[in-house]
Amino acid sequence: MQRFLFLNNKDFFDKHNIYTVKNINDIPNCDSILFIGIHNNDACMELNKITKYFPSIEKRAQYKYIILMGKGNGIINSNIHIPSNIKYIFCNYIPYYHDIIKFYPLGTDYRSKPFNHLSNENNNNDILCYANFSLKTHKDRKSIFNIIKNKTFITKENIQNELNHTLDFNTFFKKLTSSRFVICPRGFNPDSWRFYDAIYSGAIPITVKESFHNTFYFKNIPILFLNNINEFNLLTPEFLEEKYEELKCLKSNYYKNLDFEVFMTRLKRLFLDEDTYENLFNNDS
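For the sequence shown, UniProt numbering begins at 1 and goes up steadily by one.
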């Protein structure tokens, strides 16, 4: 299974003939799938800056484009004027319905790339619940930590105010593969790398449910959804054991809808008008 991965993964995009666009002069004079974002570090672009590319795209009216947005902050304004030759825009956060702008997963931490070959069948899951996150990225994280900090059955590591990684990543990802549940608070936007790191490692993420979780990408995937932050108070060993029994039947070493190769295959069919968005991205076709 190829993980969704946007940073330090340019070779994957190149393999699929995705044009990486760094400035407005990079728009190709041909029908193309474009990646607008940053490949080589974890900096975020402001998603609304997509509009600066629109005049160059609109000038090439004879060509059709699909745009993949990289990791970004903020929200694309739902009322922006989108050139008619842009078929679709995919981005990691869209809190509204739109005919052209569509959600796709944020994907995994780029530092997980060396572990892509690991199986997510974590049978040695001796850690009932694992928590490892910074407190800086969103205020909800501090609220969650204040709820769980005295819960001794939760293994807590590296929880701090700064993005300092005192735990090496080899150990971190091994901890994920040894865990039944992983607490996955939101990041700057509601999605987070840790959510996918947990799934790809064979653990069950615990997260507050957002609208994008209703998309087909997460169908039949073991996720423990909470309705709000206060429901972290519900976590007890007995509660988690009960939920594990309910969800373990969904665990698998392969999740088709979170396979980046499958996404690219569907995307190309969409681009070539071989099928509709509804058929390709709303079911398991």
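Cβ coordinates follow ideal geometry from the N, Cα and C atoms, glycine included.
- The shortest CA-to-CA distance from Ile-144 to any of Tyr-93, Thr-207 and Ala-198 is the one to Thr-207.
- The beta-carbon separation of Phe-232 and Ile-148, rounded to 6 Å, stays under the 8 Å limit for a contact.
- Linking Phe-4 to Asp-259 through their CA atoms gives a straight-line distance of about 7 Å.
- By the beta-carbon neighbour count (other beta carbons within 10 angstroms, threshold 16), Cys-91 is buried.
- The continuous stretches of beta strand (DSSP E) do not include Ala-198, which lies in the alpha helix (DSSP H) extending over residues 193–200.
- When Phe-281, Lys-268 and Ile-75 are compared, the shortest CA-CA separation from Lys-64 is found for Lys-268.
- Of all alpha-carbon atoms in Gly-202, Asn-228, Asn-279 and Lys-209, the one lying nearest the alpha-carbon of Cys-129 is that of Gly-202.
- Between the alpha carbons of Asn-25 and Lys-248 lies a gap of roughly 50 Å.
- When only Cα atoms are considered, Cys-30 and Thr-171 end up about 45 Å apart.
- The straight-line gap separating the alpha-carbon atoms of Gly-70 and Asp-191 is approximately 13 Å.
- Close CB contacts of Gln-2 within its chain, under the 6 Å cut and outside five residues either way in sequence, are with Asp-259, Phe-260 and Glu-261 (chain order).
- A direct Cα-to-Cα measurement between Phe-188 and Pro-28 gives close to 32 Å.
- Taking 9 Å as the cut-off, the beta carbon of Leu-34 is found no closer than this to the beta carbon of Ile-80.
- Residue environment analysis places Phe-212 among the buried positions, since at least 16 neighbouring C-beta atoms fall within 10 angstroms of its C-beta.
- In the structure shown, the three-state DSSP call for Glu-242 is helix.
- Within the stretch 36–79, the complete beta strand (DSSP E) segments of 3 residues or longer fall at 65–69, listed in chain order.
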